[in-house]
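Working notes for the structure below.
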Amino acid sequence: MIGTQRIRTDLALETTERFEEDNVEIRGVVIDEDYNEEKDIRTTTVKIETENGAKAMGRPQGTYITLEAPNMSVPDDEYHREISKVLAKHIRKLIPKKGELTVLVVGLGNRDITPDCLGPEVISNLRITRHVIREYGVQGMGEDQAHCVSGLVPGVMAQTGMETLEIIKGVVDETKPDVVIAIDALAARSTKRLNRTIQITDTGIHPGSGVGNHRNGLTRETLGVMVIGIGVPTVVDAATIVYDAMAHLLDALDEAEKKEFLDEMITPPLYSMFVTPKDVDETMKRLSYTISEGLNIAFSKV
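In terms of the working numbering, the sequence shown has 286 at position 252, counting the first letter as 1, and numbering is strictly consecutive.
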């Protein structure tokens with residue numbers, strides 16, 4: 035749709051929907067959907083298998099798994115526990131297949147900005163084991179085998195004066211993990227997915243890309259190890275809200291009229307203004323716990 039092309043999104047699922055709206059088939063991209071009616075969780079897996087598919091999607095080749103749960107923003111502990119279990123299942127599918135893993139979990143974002151504090155909050159709830167294993171061995175965990183999990187909150191450039199990649203690469207070179215898991219807040223194109231969606235990908239992550247603040251990517255190429263990105267869309271740009279509010283009106287216009295109308299109504303400043311729900315403080319606490327529990331479950335047993 036003309037007018038939505040400039041609206042930013044970090045979700046591969048939303049990129050495929052844009053092609054569906056235009057009735058365009060994406061070669062080299064395989065999409066699989068699964069809906070668990072009992073748990074009310076929809077899982078969409080987007081696999082970009084070719085370079086042409088990656089070029090069309092504007093994303094690296096790899097697997098993008100999106101969990102959509104309409105009640106994720108509701109304070110229901112049992113429901114969030116189910117989401118954590120599903121998240122753990124997908125994480126286990128993506129991580130390297132070996133006995134005891136060394137895992138570095140990185141919480142990206144600014145702890146002082148509520149919609150951007152997801153990553154640091156996840157680390158606060160994570161079960162860290164590296165220091166115990168190094169001091170007392172695996173037996174110190176009360177297990178015969180255990181994954182070695184460490185956590186890092188690198189902050190943002192305005193706080194440290196350093197690129198996030200520089201900090202993480204230094205830690206990776208020193209601790210030599212088998213896999214890095216990066217947690218970050220994302221941007222969505224649809225308001226209905228705010229705080230109700232989790233994306234997991236084996237292609238890494240680009241901090242700040244959703245809000246146009248591009249930083250160096252955390253990928254296998256830049257860090258030398260596998261990088262799994264996990265994110266939740268916590269903001270949409272203002273242009274999205276305007277577009278959603280006018281959706282029914284736009285249906286009555288042809289393409290030329292839509293373009294003219296959108297260019298007039300959605301002014302450039304709207305594309306740089308980002309909006310988050312008013313209850314984001316409580317939501318971030320709940321979602322960070324849900325994701326940390328998913329990681330804790332994923333690494334609880336070898």
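Every residue, glycine too, gets a C-beta built ideally from N, C-alpha and C.
With burial defined as no fewer than 16 other Cβ atoms inside 10 Å of the residue's Cβ, what is the status of Ser326: buried or exposed? Mapped onto the sequence shown, residue 326 falls at position 292. Ser326 is classed as buried because its beta carbon has at least 16 other beta carbons within 10 Å across all chains shown.
Which of helix, strand or coil DSSP assigns to Asn70: Within the sequence shown, residue 70 is the residue found at index 36, counting from 1. Assigned with DSSP and collapsed to three states, Asn70 falls in strand.
Under 8 angstroms Cβ to Cβ from Thr50, same chain only, skipping five residues before and after it: list those, please. Translated into the one-based positions of the sequence shown, residue 50 becomes position 16. Excluding residues up to 5 positions away in sequence, Ile60, Val63, Ile65, Val80 and Met91 lie with their Cβ nearer than 8 angstroms to the Cβ of Thr50 in the same chain.
Pairwise C-alpha distance: Ser107 and Arg230: For the purposes of this step, residue 230 is taken as the residue at position 196 of the sequence shown. For the purposes of this step, residue 107 is taken as the residue at position 73 of the sequence shown. About 6 angstroms.
Return yes when at least one heavy atom of the ligand MG lies under 6 angstroms from the C-beta of Ala103, else no. Absence of the ligand MG is noted for the structure shown, with no ligands found whatsoever.
Taking just the CA atoms, how far does Gly133 sit from Val190? Here the question's residue 190 lines up with position 156 in the sequence shown. Here the question's residue 133 lines up with position 99 in the sequence shown. The alpha-carbon atoms of Val190 and Gly133 are separated by roughly 34 angstroms.
Between which two residues does the beta strand (DSSP E) carrying Asp218 extend? Looking up residue 218 in the sequence shown gives position 184. According to the DSSP assignment, Asp218 belongs to the beta strand (DSSP E) that extends over Val213 to Ala222.
Quick check on the burial criterion: 16 or more other C-beta atoms within 10 angstroms. Buried or exposed for Ala222? Counted from its first residue, the sequence shown places residue 222 at position 188. With 16 or more Cβ atoms within 10 Å of its Cβ, Ala222 is classed as buried.
What did DSSP end up calling Phe333 once you bin it into helix, strand or coil? Locating residue 333 in the sequence shown gives position 299, counting from the first residue. Coil, per DSSP.
Just to confirm the assignment: which complete alpha helix (DSSP H) runs, minimum length 4, are found wholly within the stretch 54–130? Segments of the alpha helix (DSSP H) lying fully in the stretch 54–130: 85–91 and 111–128.
Looking at C-beta atoms only, is the number of pairs between the stretch 261–274 and the stretch 146–155 that lie closer than 8 angstroms three or more? Flag = yes, the stretch 261–274 and the stretch 146–155 touch.
Could you check what DSSP says for Ile147 in three-state terms: helix, strand or coil? As a first step, residue 147 is located in the sequence shown; it is residue number 113 there, counting from the start. In the three-state reduction of the DSSP assignment, Ile147 falls in the coil class, being assigned neither a helical nor a strand state.
Which residues DSSP lists as bridging Gln233, in chain order: Numbered from its first residue, the sequence shown carries residue 233 at position 199. Beta-bridge pairing links Gln233 to Thr100 and Gly265.
Would you call Ala219 buried or exposed, if buried means 16 or more other Cβ atoms sit within 10 Å of its Cβ? Taking the sequence shown and counting its residues from 1, one reaches residue 219 at position 185. Classification of Ala219: buried, given that the 10 Å Cβ count is 16 or more.
Any idea what DSSP makes of Leu47, helix, strand or coil? In the sequence shown, residue 47 corresponds to position 13, counting from 1. In the structure shown, the three-state DSSP call for Leu47 is helix.
Buried versus exposed, by CB contacts within 10 Å (16 or more), Pro130: The residue you call residue 130 lines up with position 96 of the sequence shown. Burial call: exposed.
Let me check understanding here. Comparing Cα to Cα, which of Thr253, Gly185 and Ile232 lies closest to Ser158? Here residue 158 corresponds to residue number 124 of the sequence shown, with the count starting at 1. Checked all of Thr253, Gly185 and Ile232; the closest Cα to Ser158 is Gly185.
Compare the beta carbon distance of Gly258 and Gly238 with 7 angstroms and say whether it is the shorter of the two. By one-based count along the sequence shown, residue 258 stands at place 224. By one-based count along the sequence shown, residue 238 stands at place 204. No, these two residues do not count as a Cβ contact at 7 angstroms.
Would you mind stating whether Ile82 and Gln95 have Cβ atoms separated by less than 7 angstroms? Working through the sequence shown from its first residue, we reach residue 82 at position 48. Working through the sequence shown from its first residue, we reach residue 95 at position 61. Yes. Within cutoff.
Would you identify the three-state DSSP class for Asp297, choosing helix, strand or coil? As a working mapping, residue 297 is identified with position 263 in the sequence shown. If DSSP states are grouped into helix, strand and coil, Asp297 belongs with the helices.
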